[in-house]
Amino acid sequence: MSLDATLPEALAFASATELVRRLKAREFTARALLEFQLARVARLNPEINAIVYTDLPAARERADQADAALARGEDWGPLHGLPMTVKETNNVAGWPTTYGDPALAEAIPTHSAVIVERLLAAGAILFGKTNVPINALDWQSYNAIYGTTRNPWDLDRTPGGSSGGSSAALAAGLVPLELGSDAGGSIRFPAHFCGVYGHKPTPGIVPVAGNERGTSLLDNDLVVSGPLARTVADLTCAFDVLAGPAGPAAKAWRLDLPAPRATRLAAFRVAYVTDSPVAEVDEPVRAAIRALAERLAGLGARVTADALPFDDHAAHHATYLQLLRGSASARLPQAVFEEAVQRLTEPGTNATPYVARMAQAHAQRHRDWILAEERRAALKRDWATFFEDYDVLLAPVTVCAAFPIDEARPREERVLQINGHAVDYNDQLFWAGLATLPSLPATAVPIGYDGPLPVGIQVIGPHLEDRTTLAFAAELERLHPFAPPPRYAPAAGP
């Protein structure tokens with residue numbers, strides 16, 4: 001292909017690693033690839049509203065610089081010349097970081113997050129940001145600043161959240177790589193809903209420095225940043241770019257993650273779970289997991305059903321909610337905090353069990369917090385023992401495939417239809433907390449469909465053994481690789 005040739009539409013779904021390889025082989029220029037992606041964004045993004053901010057002059061200038069560098073024989077790194085976007089909550093110097101909150105509409109950071117700097121140092125061409133729910137606190141992605149993001153598989157359904165713009169952009173072929181974050185499933189849920197891959201790293205591996213909100217300097221070890229992609233190779237490449245100590249820790253610490261426990265399906269010891277009394281899972285999702293487990297056993301893996309390191313699902317979930325919502329307490333506006341305290345002291349003000357738990361978490365005593373951390377430490381020990389017998393745990397990402405967008409009710413009042421009856425929308429948090437509470441890595445992988453909608457699974461692994469979940473995900477990818485939504489596939493088009 002000559003450097004000035006028109007790029008084929010199929011390139012929209014090429015992997016990031018393939019695109020960079022072909023860029024470095026001079027099959028096409030970084031500028032041509034950027035313009036190809038931008039043309040697709042201009043044509044397709046309006047109906048899904050995944051990409052909500054762009055800086056095209058800067059991106060074009062950097063793409064030209066990437067081409068000039070290649071002409072001089074310079075290699076910027078594994079992402080040289082790759083056009084991509086990042087989740088709106090990531091700080092990029094000079095670009096707005098609003099969290100979808102009108103109160104932050106004019107917030108323009110003067111510095112970039114360390115992970116953004118690492119993407120740039122690896123050669124990426126950042127051209128924009130993708131949508132989130134307000135304050136990154138929902139599994140839908142809509143807000144008063146940027147509007148509603150829609151799922152490319154069904155425009156009436158959610159792409160997930162809070163990295164919903166990220167997953168929608170990937171699934172529609174608008175970008176080849178994205179950067180998200182996760183505490184309550186915000187990488188894993190969108191990947192599941194949109195049929196792409198996402199990796200929630202072990203906390204502490206990918207630095208959060210420079211991504212502080214406002215003036216806060218405190219880290220929250222429940223919150224991590226990680227990549228989303230259309231292939232596991234791309235996830236792994238991006239993870240390697242992002243990972244490593246930063247700030248004062250970089251003076252002494254070096255990252256040396258264990259090699260994967262296995263690289264062939266037949267060598268893995270696999271546990272799986274399909275349901276919970278705390279968070280009932282829709283039968284099509286359970287069926288997809290059971291079918292996968294049967295296939296894995298047929299391929300030689302040692303597969304064990306219904307294995308977890310704990311029996312009390314409610315206690316595990318309660319500890320997770322207490323720490324997840326409690327960690328946000330100090331950042332709440334004073335009026336919201338006082339309302340939480342009032343809910344605890346005035347009978348009849350707790351609308352649902354979830355609202356009651358939020359109020360308790362927001363207004364808890366320090367003693368309660370420490371006791372919860374003690375329970376968490378015990379769970380971490382139990383999980384470590386569990387992974388002496390198993391290499392990975394397969395679990396639902398959440399309770400169902402992508403659900404219809406619901407902006408009419410606040411999150412606390414929503415319900416989902418699961419197996420023919422209504423369940424609390426917030427029950428979904430149980431499946432997010434399965435890996436978040438004990439600080440475990442988890443990789444979301446597509447495994448099938450519920451009718452026309454993709455279904456994924458989360459591959460949970462031992463603490464600091466991210467390469468094991470990624471290696472297992474790569475094996476699953478051979479069984480069920482990414483497929484684009486029919487509406488956006490190159491042969492059909494929207």
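Numbering (full-length UniProt numbering), first residue to last: 1 to 494. Glycine residues also receive a C-beta, built at the ideal position from the N, C-alpha and C atoms.
Under the three-state reduction of DSSP, residue 477 is assigned to helix. Leaving aside the five residues that flank residue 379 on each side, the residues in its chain whose CB is nearer than 6 Å to its CB run, in chain order, 438. Collapsing the DSSP output to three states places residue 278 in coil. Counting every other CB atom within 10 Å of its CB across the protein chains shown gives residue 21 a total below 16, marking it as exposed. Secondary structure at residue 396: strand, using DSSP grouped into helix, strand and coil. Sequence-distant partners of residue 95 (beyond 5 residues in either direction) whose C-beta falls short of 8 Å from its own C-beta, in its chain, are 53, 55, 108, 109 and 129.
Every beta strand (DSSP E) of 3 residues or more that sits fully in the segment 49–78 is shown, in chain order, as 51–54.
Counting only residues of its own chain and dropping the five nearest sequence neighbours on each side, residue 314 has a CB closer than 6 Å to the CB of 278.
DSSP places residue 158 outside both helix and strand once states are collapsed to three, so it counts as coil. Closest by C-alpha distance to residue 274, out of 468, 458 and 78, is 458. Judged by DSSP secondary structure, residue 272 falls within the beta strand (DSSP E) whose first and last residues are 269–272. With a cutoff of 7 Å on beta-carbon distance, residue 303 and residue 293 are scored as near each other. Look at the segment 96–167 and you find these whole runs of alpha helix (DSSP H), each 4 residues long or longer: 114–121. Straight through space, the alpha carbons of residue 332 and residue 364 are spaced by roughly 14 Å. Separation of the CB atoms of residue 183 and residue 324 is rounded to 6 Å, and the pair is thereby assigned contact status at 8 Å.
Residue pairing by DSSP places residue 424 opposite 415 in a beta bridge. Considered as a whole, the segment 423–474 harbours 429–436 as its complete alpha helix (DSSP H) runs of no fewer than 4 residues, in chain order.
Taking 8 Å as the upper bound for CB-CB distance, residue 179 and residue 119 are in contact here, some 7 Å apart. Per DSSP, residue 199 is one residue of the beta strand (DSSP E) stretching across 197–200. A contact between stretches requires three or more CB pairs, one per stretch, nearer than 8 Å, and the segment 186–195 meets this requirement with the segment 438–447.
In this structure, the alpha-carbon of residue 72 lies about 10 Å from that of residue 66. A direct Cα-Cα distance of roughly 9 Å separates residue 397 from residue 428. Burial of residue 131 is indicated by the presence of at least 16 other C-beta atoms within 10 angstroms of its C-beta. In the structure shown, residue 304 falls within a strand segment according to DSSP collapsed to helix, strand and coil. The beta-bridge partner set that DSSP reports for residue 229 consists of 177 and 197. By the Cβ neighbour-count rule, residue 460 is buried, with 16 or more other Cβ atoms within 10 Å of its own. Around residue 205, the same chain offers 243 as residues with beta carbons nearer than 6 Å, after the five sequence neighbours per side are excluded. For residue 260, the closest alpha carbon among the candidates 484, 441 and 28 is that of 441.
Residue burial annotation: residue 407 is exposed, with fewer than 16 other C-beta atoms found within 10 angstroms of its C-beta. Under the three-state reduction of DSSP, residue 46 is assigned to helix.
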